Each structure stands twice: as structure tokens, then as C-alpha cells.
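Heads up, the thing below is written out as C-alpha cells.
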Amino acid sequence: TRYPKYTLINEIPHPKHGSAIFLKENAPFESASKASTLDTEQVSVKLSNVTVNNIYQPPNSVFAMAKKSTTEEPMIYIGDFNSHSPQWGYAEEDEKGKELISFMDKHKLTLIRHAKLPFSFHSSRWRKGYNPDLILVDDRIKEMC
Numbered sequence: 003t004r005y006p007k008y009t010l011i012n013e014i015p016h017p018k019h020g021s022a023i024f025l026k027e028n029a030p031f032e033s034a035s036k037a038s039t040l041d042t043e044q045v046s047v048k049l050s051n052v053t054v055n056n057i058y059q060p061p062n063s064v065f066a067m068a069k070k071s072t073t074e075e076p077m078i079y080i081g082d083f084n085s086h087s088p089q090w091g092y093a094e095e096d097e098k099g100k101e102l103i104s105f106m107d108k109h110k111l112t113l114i115r116h117a118k119l120p121f122s123f124h125s126s127r128w129r130k131g132y133n134p135d136l137i138l139v140d141d142r143i144k145e146m147c
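Position 28 of the sequence shown, counting from 1, maps to 30 under my numbering, and the rest follow consecutively.
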């Protein structure tokens, strides 16, 4: 396989991008789901005590997120939100950044980011680094992250 010792749990294939979740071989999980619209791809896996959501939102798309699960387990959102905010290293905040911060506040999510880490994306066109790839975790588990 392409990633030895890992198993593909779920994916949304796409010719230019795509979303997937891999787990270590034989790692237990309860369920997996996926959802795709013009504005968001979301691949999720429910483990015994947390749900992990892999998100991709294309550039110039409208902010859209699946509603937070009504289950009690903490949620983790990992992905490329293509949104701007000084909170994750951009000079200015765009509309998607504002909406993502509102989503974070509403669902009690914390951004996991260390300012000294390198940027996750480098634009050759603008010759600058950016952080469109984010990790948001439920406040109940932020200290473990």
C-alpha cells in the first residue's frame, strides 16, 4: 500500500485534491462517514472517545460546516479551511475567517497552533508562507493536544 502500517478508513476522491482518513493498522473505530457539497468536504471517523473530522473547503467557497454532533464525545476538526485570520498567522481576517471563529466560539473549540512552527503552505505566486491547515479541538481535551 501507499502508507504501510495504515489503513484507509474513508475518503472523498477528487482529481485535484480530496479528503481521507487513515488509522494505524487494526486500530479500532466505531463508525466512519463522509459528506460533500460544493463548499465543503468532510470525512469523519468516530473512535471510542472522540470524533475526528477531516475538512477541506476550496478557496473562494462559502464557509460551511456540518453541524456539530449532538453526541457527548469531544470533536476534533483538522483540515484546510482556506480562511484568513491573525489568529493563525494572516495579516487580515476574511469573511470565512470570521465565520470559522464564530463556529469555534459557538462549539467551544480551541485552535492548536504554535507561532514558531513553519507555515503549512508556501505560495510561489506571493512568495509567502500561510497556514490554511488548522487543528481545532474541543475545549475539554485541549490540554491533551
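All C-beta atoms in this analysis are idealised placements derived from N, C-alpha and C, irrespective of residue type, glycine included.
Predicted, not measured: the structure shown is a model, and the values here were computed from it.
Inclusion of I103 and S126 in the CB contact set at 8 Å is not warranted, their separation being larger than that value.
In the DSSP assignment, E13 falls outside any alpha helix (DSSP H) and within the unbroken beta strand (DSSP E) covering Y8 to P15.
I80 is positioned such that its CB atom lies no closer than 8 Å to that of V45. Contiguous beta strand (DSSP E) elements confined to the stretch 27–105 occur at 33–38, 43–48, 53–58 and 77–82, taking only those with 3 or more residues. Collapsing the DSSP output to three states places K110 in coil.
Take E27, set aside five residues on each side of it, and the residues of its chain with a beta-carbon closer than 7 Å to its own are K7, Y8 and T9, in chain order. The secondary-structure analysis by DSSP pairs S125 across a beta bridge with K130. Taking every protein chain shown into account, the CB of L138 has 16 or more other CB atoms within 10 angstroms, so this residue is buried.
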